[in-house]
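A.B. asks:
Protein chains in written order, with full-length UniProt numbering: chain V, 1 to 343; chain B, 1 to 343.
1. With a threshold of 8 Å between beta carbons, is residue 340/V in contact with chain B?
2. Residue 149/V and residue 350/V - do their beta-carbons sit closer together than 8 Å?
3. Could you give the distance in angstroms between the alpha-carbon of residue 110/V and the alpha-carbon of residue 71/V?
4. Which residue spans inside the segment 275-328 of chain B form an unbroken beta strand (DSSP E) run of at least 3?
5. DSSP puts residue 111/V in a beta bridge; with which residues?
6. Taking residue 216/V as the reference, which of 18/V, 33/V, 31/V, 79/V has the closest Cα?
7. What is the DSSP secondary structure of residue 71/V, counted as helix, strand or coil?
8. Report the neighbours of residue 47/B on chain V: residues whose CB is nearer than 8 Å to its CB, in chain order.
9. Under 8 Å between the Cβ atoms of residue 73/B and residue 210/B?
10. Per DSSP, residue 256/V is paired with what?
11. By DSSP, does residue 166/B sit in helix, in strand, or in coil?
12. Does chain V have any CB closer than 8 Å to the CB of residue 313/B?
13. Would you kindly report the start and end of the unbroken beta strand (DSSP E) that includes residue 55/V?
14. Roughly how far, in whole angstroms, is the beta-carbon of residue 103/V from the beta-carbon of residue 6/V, given that I think they are within contact range, below 8 Å?
15. Tell me, please, whether the CB atom of residue 35/V is closer than 8 Å to any CB atom in chain B?
16. Would you kindly check if the distance between the Cβ of residue 239/B and the Cβ of residue 319/B is under 8 Å?
17. Per DSSP, what kind of secondary structure is residue 271/B in: helix, strand or coil?
18. Please say whether residue 290/V and residue 167/V have beta carbons closer to each other than 8 Å?
19. Starting from the Cα of residue 152/B, find the closest Cα among 4/B, 63/B, 268/B, 82/B and give me that residue.
20. For residue 277/V and residue 182/B, what's the separation of their Cα atoms in angstroms?
21. For a quick check, are the C-beta atoms of residue 263/V and residue 197/V less than 8 Å apart?
22. Using a 10 Å radius around the Cβ and a threshold of 16 neighbouring Cβ atoms, would you call residue 178/B buried or exposed?
23. In the DSSP assignment, the beta strand (DSSP E) including residue 232/B goes from what residue to what residue?
24. For chain V, find out if any of its Cβ atoms is closer than 8 Å to the Cβ of residue 6/B; answer yes or no.
25. Does the distance from the C-beta atom of residue 250/B to that of residue 317/B stay below 8 Å?
26. Quick check: what's the CA-CA separation for residue 260/V versus residue 172/V?
27. Just to confirm my understanding: we take residue 201/V, look at its own chain, exclude 5 residues before and 5 after, and list those with CB closer than 7 Å. What are they?
28. Which full runs of the alpha helix (DSSP H) of 4+ residues lie inside the segment 83-168 of chain B, going along the chain?
29. Looking at the C-beta of residue 140/V, does it have a partner C-beta in chain B at a distance below 8 Å?
30. Taking the DSSP output, what are the residues bridged to residue 60/B?
31. Tell me, please, whether the CB atom of residue 348/V is closer than 8 Å to any CB atom in chain B?
32. Take every Cβ of the segment 223-232 of chain V, pair it with every Cβ of the segment 87-101 of chain V, and state whether three or more of those distances are shorter than 8 Å.
33. I'd like to know if residue 237/B contacts chain V, where contact means its C-beta is closer than 8 Å to some C-beta of that chain.
34. Between residue 1/B and chain V, is there a C-beta pair that is closer than 8 Å?
35. Got a sec, what are the start and stop residues for the alpha helix (DSSP H) residue 222/V sits in?
36. Measure the CB-CB distance between residue 125/B and residue 279/B and report whether it falls below 8 Å.
In structure tokens form, the structure reads like this:
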């Protein structure tokens, strides 16, 4: 593998090099990389902006995350935030802090992942910069999107009796992380060529390493004429996100353990790790599924959307956040966040 | 000084705590902190977006930069990028990576600086997040602004015979940095209470620690009905920025050494440090002044703007970037960037 020192290109040279093939796709992208700021142009749509800072050792571990996947995921998690507003991501800026350990080729690989995500989701990369870092890789991404005023979904609109819906299944990304962490612990000091056997666990790895944002759900909602009363993406775990919605909407909720969607591989792996699979599904992070609420009368319409599960309903504020377990016991949902599972 | 561990509030608690007093000032700020994304609303104006990633040890040194100043400066350098498009900054998002060394009080101080900058420049803080960092402080700021389509100034519009204009004076922020670095080297290991004597050097320190963006120049330009043919803010040094404009506009330039504006304190300090003051003014970074070009016929109008200096003119592409020295010699301008001065 060729290794070109970043110093040989310089800061401006690196950005020119990494962005030279970028073509703007969206008519709202008037001016991209190469000026003091990008210029966007929106007619009567609302502009949505979200930003994320990802730091090596905290948000990702390059021991088992390939740079291309990291680029893809860094972009997708920001798109997910725009979809969670019921909007469409349109532009993205990327700033990088790079220690000397990284070469130009490393950054090309990272940008390949970014570009692939932009391609898949129809987003333009319109700006950003690079600088030195004393300590590994720092990634700052901002995504700008658009939304129709009448269709934007906030966190604060959930009403009593609304149905609580979740897309996809939960906990798989967390189990994928456990799997990678275990392999790292076991084989971290071993031979370079060792390839752990992940047969039968591909879904978990994919959910962790190459998550997707639920563009399709936002599209289905539009086609069905459904505007969620509230919506959020599940990045920190279902419990934590439910808490955000209930707090901001000033309501309570009642969900059913048996309805929380869990994939077979997630359940098998939790068993192997001696973890409670519901705890994993409630608190495992990085699923990037959508959690949303709709009025009760939309029950039949929302049931028809492929991959959407109705897991409960919204209640009065005083009733708190409640989960009814498989044996009919009601327990209070605690939003512990995924950092604390198993600690 | 009270010290509250950030862990005692948690991530969401910290953001709630830091942002609870924020009131949105701009009608274009529809929804601020607290959802997946901020919601902005622009009518027929263009939306401008700029972003910056600042890392401890690279972009700032907390040995001599107070956190409040760091907050102020982090915001202002982003506003400067929006002004450099001839636009108005309107919203800002801030993401922080924090090591355990920082307390809630530290972050309050940082936010005080941010808020002061937002107040002074009429900008709304509309989002962002905090996370852990293994290694010091990482700051990611995105600023969104607006501009009238007919008034936005890019880097690529400079034409032959255009006048080259610079606001304020150059090199002072760099000399302020040298001064602080010297004090750090001399007194770094000494008593805590030692107060170095900066009498007569206040301007240099202010330029380094509390820079301002040239909102006033953008306002004057509008009042005078002047639209620069190109504009950029001077963050990496005059030579480097001139090179950007000439490269993107496909032109050359001719500037006069004697017209490069330099403050008395800068000149004195360069003398003390045995540095060539013109080199400092051409390559010293962080001035955040505006460099812009206007058609020749606007000479009298632009001369009237207080604090603006005409330092030369644009030439044909083949003629390169030239500076005429005080003794009439023509030398080629090299954009070495401020990192390399004195190395």
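Quick reminder that beta carbons are idealized off the backbone N, C-alpha and C, glycines included.
C.D. replies: In brief:
1. Note that residue 340/V has pLDDT 39, beneath the 50 cutoff, so the model's placement of it is unreliable and the number below is only indicative. Judged by the 8 Å Cβ criterion, residue 340/V is not in contact with chain B.
2. Because residue 350/V is not part of the residues shown, which for chain V are 1 to 343, the question remains open.
3. 5 Å
4. 289-294, 308-315, 321-324
5. In DSSP, residue 111/V forms no bridge with anything.
6. 79/V
7. When DSSP states are grouped into helix, strand and coil, residue 71/V belongs to the helix group.
8. 39, 40, 41, 42, 47, 144
9. yes
10. 324/V
11. Residue state for residue 166/B is assigned as strand, using DSSP reduced to three classes.
12. No, residue 313/B does not count as interfacial toward chain V.
13. Counted as a single uninterrupted DSSP element, the beta strand (DSSP E) harbouring residue 55/V occupies residues 46-55.
14. 7 Å
15. Interface residue (Cβ-Cβ distance to chain B less than 8 Å): residue 35/V is classified as such.
16. no
17. helix
18. Yes, they are a contact pair.
19. 82/B
20. 58 Å
21. no
22. Burial call: buried.
23. 230-234
24. no
25. yes
26. Distance between the alpha carbons of residue 260/V and residue 172/V is about 13 Å.
27. 179, 265, 269
28. 104-121
29. yes
30. 56/B
31. Nothing in the structure corresponds to residue 348/V, since chain V is present only between 1 and 343.
32. no
33. no
34. no
35. 215-223
36. no
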